[in-house]
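Q: In full-length UniProt numbering, the protein residues as written are 1 to 533. Ideal Cβ placement from N, Cα and C applies to all residues, glycine included. To start, I am sharing the structure in question, which I have written as structure tokens.
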Amino acid sequence: MLLKSAGPLGRAGGVPWCRTAHSVWCEPLIYLLQALRTQGFVGGRWPAGRRNSHFHHGSPMALASTLASLQEESCCPVCLNYFKDPVTIDCGHNFCFDCLGACWENLDDTFPCPICRFPYYRKNFRRNPQLRSLTETVQKLGVRRSKRKQQLHPEHTTCKKHQQALTLFCDKDLELLCTRCSFTPKHLEHHVCPIESAAPHHRRLLEDKVEPLRSSLEQVEKMIALQGSKMLELRKEAEARRREIEAEFEQVCQFLQGEQEAVLRKICKEEVEILAEVNQNLAAFSAYLSGLKRLLKHVENKSEDSDLAVLRSLKGIEDKSQKLRRPDSCTIELSGYEVRLPAQFSGLGRIVQHFQIEVLYDPATAHPQLTVSSDKKTVHYHDNWRRVCYAPRRFYLCPAVLGLQSFTFGRHYWEVEVGTKPKWTLGACRGCLPRNWRNEPTVCPGFWALGRCVDTGYLAFGPQRAQIVPKVRPSKIGVFLDYELGEISFYNVDDGSLLYTFHHRFTKTIWPYFYIGRDPEPLKLVSVSDDET
């Protein structure tokens, strides 16, 4: 134990801290001594018949309180037992010699007080013989141990590692500590305070959490109730969707059944017709076969006649051979049957139902030879140029026009009636599309379209060019833009088939694009009401 004593109490140089230590004991000690003399306690003994009488049978409240205070002050704050060889440090706090040494055992630079944590730079303490004698006097009184010590439960208030009382609290780690624990590297730099001062503060913190917790509880209860109601709504919606799907599939089944019956009737009818034709063909071949047999027999018989008879029969045989004509064989093959499926099978029906919008032509972008109708749904090409106001977004070389709406997000579907126009192009483009094209673009970034050319047929124009061969010649084209997914798809509205899909990551504004061509037939936008009718 490397503790260095600075001498006994009362020694020169120790007056300031000695007053602090003395003041702890002065008043209760004077009162106690006066009370003891009054009760006849002399030399550490009670007079006969009066031992402990006033301390255990009706002693005044002031005397009992004084004894409890003295008994409390005679205990070491580290081990909570009576002082053994008490020592005092400069801040005025008292400890057992062994307890203080254990607290400072592994420290090198600074040596803080185990109670107030005031740091010292050397192990400086003073032995306190006065406190030792006072402690012995209190022990001789025979009073009960402090309620604090008596109420401490060893399992919960004793450090399992150091076997010392848990009298401190670490605010950072929120742990109860004994004095030796507070000097370990884990807690040495943390704010540690006595339990008596930490408990009220943290009790207030707990009380402050009551209202927020109640508020959170109410919010969670409301959320649970809301989730419950949403679950009921979800069940209702799921049931409605289930009935909707069942009805839709029932319609599809009825449609397919009707298609099946129609195709089977056609096959049956064609089968009867082909079989009748085959029977006629077989009868013709049977007659031809009989004639061949008769001719063969006649030729065989004549070949055995005389030379003169053979020569006379040649003309007759030739006539009979000319009359025998082989019938043509019939084609025994069924025609190909294409089953017409509903639009739902291509996804077009659902797209039209949920995402169709009203797109209009923008007259401010129309070529001077184009005339936009008053409802902005029809555009015509004319040979004569119109006088128009200059607009930076207007097409001047290419007979084209943009849509009035623009898109920066979402899903949008619109339809265009192309009819029998020999040349047209429609789709979508960015706003920075060049205006110096003399004809429709073929390959261009920021441009996604589908069109028809007289020479090359149907083509996809844009970042890449592709040839398209539709099964049915389209009279209406559907355009579906999915901005977030990065897709522009073109549909043949006549048979519901998908013609082509462009893939691109859109980051800028997208405008509907229409190239009219140089023929007089109009290009018409199909409105939602027109489509429903």
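Which whole-angstrom value describes the C-beta separation of C429 and F409, a residue pair presumed to lie in contact below a C-beta threshold of 8 Å?
A: Not quite, the Cβ-Cβ distance comes to about 17 Å (not below 8 Å), so this is no contact.
Q: DSSP three-state call for P86: helix, strand or coil?
A: Note: P86 maps to strand in three-state DSSP.
Q: Thinking A364 and R394 are a contact (beta carbons under 8 Å), I'd like their distance in whole angstroms, please.
A: Sure, about 7 Å apart at Cβ, within 8 Å.
Q: In its own chain, which residues sit with a C-beta less than 7 Å from the C-beta of D362, not counting the 5 before and 5 after it?
A: Contacts found: V401, L402, G403 and L404.
Q: Rank W414, A283 and D208 by C-alpha distance to the C-alpha of P327 and give the top, closest one.
A: Comparing Cα-Cα distances from P327 to each of W414, A283 and D208, the minimum goes to A283.
Q: Under the assumption that D477 contacts L450 (Cβ atoms under 8 Å), give the Cβ distance between them as a whole number of angstroms.
A: At residue 477 the sequence reads Ile, which differs from the Asp that was named. That belief holds up - the Cβ atoms of I477 and L450 are roughly 7 Å apart, short of 8 Å.
Q: Taking the alpha-carbon positions, what's the A309 to R294 distance?
A: About 19 Å.
Q: List the DSSP bridge partners of S489.
A: Bridge partners of S489: F480 and T501.
Q: For I468, which residues does DSSP report across the bridge?
A: Answer is Y458.
Q: Residue range of the beta strand (DSSP E) that R387 falls in?
A: Premise fails: R387 is in no beta strand (DSSP E) and is neither H nor E.
Q: Would you report the Cα separation of H503 and H354, rounded to the nearest angstrom?
A: Whole-angstrom Cα-Cα distance: 21 Å.
Q: How should S286 be labelled, buried or exposed, when 16 other C-beta atoms within 10 angstroms of its C-beta is the threshold for buried?
A: Its Cβ having fewer than 16 others within 10 Å, S286 is exposed.
Q: Going by DSSP in three states, R518 sits in which element: helix, strand or coil?
A: Looking at R518 - three-state DSSP - the assignment turns out to be coil, as it is neither helix nor strand.
Q: Where DSSP assigns a beta bridge to Q356, which residues make up the other side?
A: According to DSSP, which records beta bridges pairwise, Q356 is partnered with Y413.
Q: Checking 7 Å against the spacing of the C-beta atoms, do D494 and S475 come in under that value?
A: Closer than 7 Å, so yes.
Q: Using C-beta distances below 6 Å, list every residue in its chain close to P119, excluding the 5 sequence neighbours before and after it, in chain order.
A: T110 and P112, listed in sequence order.
Q: Determine the contact status of S406 and T507, defining contact as a CB-CB distance below 7 Å.
A: The answer is no: Cβ separation not under 7 Å.
Q: Who are the Cβ neighbours of G427 in its own chain at under 7 Å, not counting the five residues just before and after it?
A: Only W448, A449, L450, V479, I488 and Y513 meet the Cβ criterion.
Q: State whether the stretch 114-133 contacts the stretch 83-91, with contact taken as three or more CB pairs (one from each stretch) at a distance under 8 Å.
A: At 8 Å Cβ cutoff, the stretches touch.
Q: Specify, as a first and last residue, the run of the beta strand (DSSP E) that Y381 falls within.
A: Its beta strand (DSSP E) spans residues T378 to Y381.
Q: Could you name the residues that DSSP lists as bridge partners for K524?
A: Beta-bridge pairing links K524 to T378 and E417.
Q: Using a threshold of 7 Å, state whether the C-beta atoms of P399 and I516 are closer than that.
A: Taking 7 Å as the Cβ cut-off, P399 and I516 qualify as a contacting pair.
Q: What residue does the beta strand (DSSP E) around A198 start on, and which one ends it?
A: Per DSSP, A198 belongs to no beta strand (DSSP E); it is in the alpha helix (DSSP H), I195 to K302.
Q: To the nearest angstrom, report how far apart P185 and C159 are at their CA atoms.
A: Taking the straight line joining both Cα atoms gives about 17 Å.
Q: Buried or exposed for K222, going by 16 or more other Cβ atoms inside 10 Å?
A: So K222 counts as exposed.
Q: Quick one: Cα of Q257 to Cα of R265, how far?
A: If I take the Cα positions, the gap works out to 12 Å.
Q: With a Cβ-Cβ cutoff of 7 Å, do Y381 and R518 count as a contact?
A: It is a contact, given that the beta carbons lie within the stated cut-off.
Q: Can you find at least 3 beta carbon pairs, one from the stretch 214-230 and one from the stretch 190-199, that sit closer than 8 Å?
A: Flag = no, the stretch 214-230 and the stretch 190-199 do not touch.
Q: If we call anything under 7 Å between Cβ atoms a contact, is C96 one with C76?
A: It is a contact, given that the beta carbons lie within the stated cut-off.
Q: Is it the case that the Cβ atoms of H190 and K172 are separated by a distance below 7 Å?
A: Closer than 7 Å, so yes.
Q: Could you check whether the Cβ of K236 sits closer than 6 Å to any heavy atom belonging to the ligand SAM?
A: The ligand SAM is not among the ligands present in this structure, which contains no ligands whatsoever.
Q: What did DSSP end up calling E175 once you bin it into helix, strand or coil?
A: Strand at E175.
Q: Please report the residue range of the alpha helix (DSSP H) in which L426 lies.
A: It is not in any alpha helix (DSSP H) - L426 instead sits in the beta strand (DSSP E) that spans W424 to R430.
Q: Indicate whether P358 and S229 have their beta-carbon atoms separated by less than 7 Å.
A: The sequence given here has Glu at residue 358, not Pro. Not closer than 7 Å, so no.
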